[in-house]
Amino acid sequence: MPQIGWSELLIIVVLAILIIGPKDLPVVLKKIASTVKKVKSYVSNIQDDIENAVDIDAEVEKDKKNKNKS
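So the sequence shown is residues 44 to 113, counted in the working numbering.
Set out below in structure tokens:
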């Protein structure tokens, strides 16, 4: 994963201020932060669903093996 240094970060901030403007920059940053938070929440929910499905599948397989032994 690429690393962003202080000089690159400074360039990004200066360009953002020039392109977006100092008045609208906080609003844009809030919207970006909100979107990132939503995406993280969706990804977390998907991961939880997958983990639950795997756990349920493992329990079903375990029950099948126990029934076959009986």
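Quick reminder that beta carbons are idealized off the backbone N, C-alpha and C, glycines included.
> Considering I63, what are the terminal residues of the alpha helix (DSSP H) in which it resides?
Replying inline: Counted from its first residue, the sequence shown places residue 63 at position 20. It spans 49 to 63 - the alpha helix (DSSP H) in which I63 sits, taken as one unbroken run.
> Among the residues of its own chain, which have a CB less than 7 Å from the CB of V79, if the five just before and after it don't count?
Replying inline: The count along the sequence shown starts at 1 and reaches residue 79 at position 36. Correct list: empty, nothing qualifies.
>> Is the beta carbon of L68 closer than 9 Å to that of A76?
In response: Taking the first residue of the sequence shown as position 1, residue 76 is located at position 33. Taking the first residue of the sequence shown as position 1, residue 68 is located at position 25. Cβ distance not < 9 Å, so A76 and L68 don't count as in contact.
> Does the distance from the C-beta atom of I63 to that of V71 stay below 9 Å?
Replying inline: Numbered from 1 along the sequence shown, position 20 holds the residue referred to as residue 63. Numbered from 1 along the sequence shown, position 28 holds the residue referred to as residue 71. Going by C-beta atoms, I63 is nearer than 9 Å to V71.
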